[in-house]
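Novice:
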Amino acid sequence: MKQGNARILTALVGLPFVLALVWLGGWYFFGFIAAVALVAQYELVRMLVGAGWKVGVVWTIVLGAAILLRSVLPYWEGWILFTVLSFCVFQLRYGPEHLPQRLASSILCAVYPVLLLSFLVDIQWAADASFGQKGAFGLMLMLFGLIWATDTGAYYTGKSIGKTKFAPSISPNKTWEGTVGGLILAIVVATLFKTAFIPELTWLDVFSLALLGGAWGQMGDLLESAFKRSLGVKDSGSILPGHGGMLDRFDSIIFTAPAYYVYLFYVSDLLGR
355 MKQGNARILT ALVGLPFVLA LVWLGGWYFF GFIAAVALVA QYELVRMLVG AGWKVGVVWT
415 IVLGAAILLR SVLPYWEGWI LFTVLSFCVF QLRYGPEHLP QRLASSILCA VYPVLLLSFL
475 VDIQWAADAS FGQKGAFGLM LMLFGLIWAT DTGAYYTGKS IGKTKFAPSI SPNKTWEGTV
535 GGLILAIVVA TLFKTAFIPE LTWLDVFSLA LLGGAWGQMG DLLESAFKRS LGVKDSGSIL
595 PGHGGMLDRF DSIIFTAPAY YVYLFYVSDL LGR
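Here is the structure:
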């Protein structure tokens with residue numbers, strides 16, 4: 355199957371499934387985000403190991419799972435700290451050789467992508483409490499939609515008129531024209547969601563969230579591209595035909611999720627009130 359056809363087929367099969375889980379919310383959404391985060395974490399671990407890094411694979415996954423549980427269990431921060439300290443002590447059994455690399459790589463794999471993605475769970479549960487199921491669905495769908503719109507707008511604009519390279523040493527195909535095109539489409543999508551689904555959004559919210567999706571989303575994509583280029587791999591995995599791995603598909607959302615969280619809880623009046 356050609357790459358383009360595989361990409362389209364994966365989207366046609368996966369998109370209704372994702373939409374259903376976003377609509378159901380609650381534990382269903384938590385399970386979805388947890389699965390994405392842990393698979394993406396494993397892909398990153400595998401890339402590091404393939405490049406010769408020393409990583410405590412099992413304890414890294416355990417630490418990632420502990421971080422995910424912070425969203426659903428009270429006082430879980432203490433258990434996270436206990437898990438981190440236990441991990442550090444456990445690594446002493448290997449002796450001093452490569453100890454800093456083991457600790458640093460495992461904490462990296464636990465924070466990115468697991469901790470960053472977990473902020474989506476916080477957003478969804480707070481949105482459900484504030485707006486109900488329909489409002490929470492609209493908000494979460496908008497956040498995902500802004501990322502997808504940015505990717506789509508950047509790709510087609512860059513392919514059509516892109517000339518000025520954005521970061522040639524990391525991603526040679528990205529252009530400034532594509533970046534602007536992605537941002538414009540993100541603004542259009544945010545406007546549609548305000549008028550059709552979430553009238554509580556102010557116009558400041560519309561432009562701020564679109565900017566976060568359009569700018570931070572593309573930075574997240576560049577960060578993952580830099581990881582792959584540094585480690586000498588093309589894709590993080592092959593679990594999604596035509597798209598690569600979970601880390602490839604959700605790299606922009608991983609980077610943008612905490613930015614959305616900060617804006618929605620501490621800048622706007624939408625959540626956390």
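Start counting the sequence shown at 355; every next residue gets the next number (my numbering).
Note that beta-carbon positions come from the ideal geometry of N, C-alpha and C, so glycine has one too.
Quick caveat: nothing in here was measured; it's all calculated off a predicted structure.
Which of the three DSSP states, helix, strand or coil, is assigned to SER584?
Specialist: Counting from one through the sequence shown, the residue named residue 584 turns up at place 230. Reduced to three states, the DSSP call for SER584 is helix.
Novice: Considering PHE491, what are the terminal residues of the alpha helix (DSSP H) in which it resides?
Specialist: Position 137 of the sequence shown holds residue 491. From DSSP, the alpha helix (DSSP H) with PHE491 extends over 470–515.
Novice: Can you tell me where the beta strand (DSSP E) with PRO526 in it begins and where it stops?
Specialist: Taking the sequence shown and counting its residues from 1, the one referred to as residue 526 is at position 172. Note, PRO526: beta strand (DSSP E), 525–529.
Novice: Nearest CA to the CA of CYS463: which residue from LEU422, LEU398, LEU546, THR437?
Specialist: Along the sequence shown, read from residue 1 onward, the residue named residue 463 stands at position 109. Nearest C-alpha to CYS463: LEU398.
Novice: Would the beta-carbon of TYR614 fall within 8 angstroms of that of LEU497?
Specialist: Within the sequence shown, the letter at position 260 stands for residue 614. Within the sequence shown, the letter at position 143 stands for residue 497. Yes; because the gap between Cβ atoms is below 8 angstroms, this pair is in contact.
Novice: So which of LEU392, GLY385, MET494, GLY516 has the shortest CA-CA distance to GLY599?
Specialist: Residue mapping note: residue 599 aligns to position 245 of the sequence shown, counting from 1. Of LEU392, GLY385, MET494, GLY516, the residue nearest in Cα terms is LEU392.
Novice: What is the DSSP secondary structure of ALA611, counted as helix, strand or coil?
Specialist: The residue given as residue 611 occupies position 257 in the sequence shown. Note: ALA611 maps to helix in three-state DSSP.
Novice: Of all the options LEU435, ASP482, TRP570, which has the alpha carbon lying nearest to the alpha carbon of VAL376?
Specialist: Numbered from its first residue, the sequence shown carries residue 376 at position 22. Minimum Cα distance to VAL376 is reached at ASP482.
Novice: Alpha carbons only, please: which of LEU495, GLY404, ALA420, LEU618 is nearest the one belonging to PHE369?
Specialist: For the purposes of this step, residue 369 is taken as residue 15 along the sequence shown, with counting starting at 1. A quick correction: the sequence has Leu, not Phe, at residue 369. When only C-alpha atoms are compared, the closest one is LEU495.
Novice: For the beta strand (DSSP E) that contains ALA521, what are its first and last residues?
Specialist: The residue labelled residue 521 in the question sits at position 167 within the sequence shown. For ALA521, the enclosing beta strand (DSSP E) covers residues 519–521.
Novice: Among the candidates LEU625, LEU378, VAL475, whose CA atom is the shortest distance from the CA of PHE491?
Specialist: Here residue 491 corresponds to residue number 137 of the sequence shown, with the count starting at 1. The option with the nearest alpha carbon to PHE491 is LEU378.
Novice: Helix or strand or just coil, what does DSSP make of LEU462?
Specialist: Taking the first residue of the sequence shown as position 1, residue 462 is located at position 108. LEU462: helix per DSSP, three-state reduction.
Novice: Whole alpha helix (DSSP H) runs in the stretch 376–442 with 4 or more residues, listed along the chain?
Specialist: 380–404, 411–423
Novice: Got a sec, what are the start and stop residues for the alpha helix (DSSP H) LEU594 sits in?
Specialist: On the sequence shown, residue 594 is found 240 positions in, with the first residue counted as 1. Per DSSP, LEU594 belongs to no alpha helix (DSSP H) and is neither H nor E.
Novice: For LEU575, tell me which candidate among PHE609, TRP530, VAL616 has the shortest Cα-Cα distance.
Specialist: On the sequence shown, residue 575 is found 221 positions in, with the first residue counted as 1. Note that residue 575 is Asp in the sequence shown, not Leu. The candidate whose alpha carbon is nearest that of ASP575 is PHE609.
Novice: Report, in whole angstroms, the separation of the C-beta atoms of GLY418 and GLN395, which I expect to be a contact under 8 angstroms.
Specialist: Along the sequence shown, one-based indexing puts residue 418 at 64. Along the sequence shown, one-based indexing puts residue 395 at 41. Confirmed, Cβ separation roughly 5 angstroms.
Novice: Is DSSP giving THR556 helix, strand or coil here?
Specialist: The count along the sequence shown starts at 1 and reaches residue 556 at position 202. THR556: coil per DSSP, three-state reduction.
Novice: Below 7 angstroms CB to CB, which residues in the same chain sit around SER460 once its five sequence neighbours on both sides are set aside?
Specialist: Translated into the one-based positions of the sequence shown, residue 460 becomes position 106. Beyond the five residues adjoining it in sequence on each side, SER460 comes within less than 7 angstroms, by CB distance, of VAL409, GLY410, TRP413, THR414, LEU417, PHE441 in the same chain, given in chain order.
Novice: Between the Cα of VAL367 and the Cα atoms of TYR620, LEU594, PRO612, which residue gives the shortest distance?
Specialist: Start at 1 with the first residue of the sequence shown, and residue 367 comes out as number 13. Ranking TYR620, LEU594, PRO612 by Cα distance to VAL367 puts LEU594 first.
Novice: Examine the Cβ distances between the stretch 503–521 and the stretch 535–547 and report whether three or more of them are shorter than 8 angstroms.
Specialist: yes
Novice: Using a Cβ-Cβ cutoff of less than 8 angstroms, which residues in the same chain neighbour LYS517 once the five nearest sequence positions on both sides are dropped?
Specialist: In the sequence shown, the residue the question calls residue 517 occupies position 163. Within the same chain, LYS517 has close Cβ partners THR529, GLU531.
Novice: Taking 8 angstroms as the cut-off, decide whether the C-beta atoms of ILE421 and LEU493 are in contact.
Specialist: Within the sequence shown, numbered from 1, the residue matching residue 421 stands at position 67. Within the sequence shown, numbered from 1, the residue matching residue 493 stands at position 139. Result no, Cβ atoms of ILE421 and LEU493 do not sit closer than 8 angstroms.
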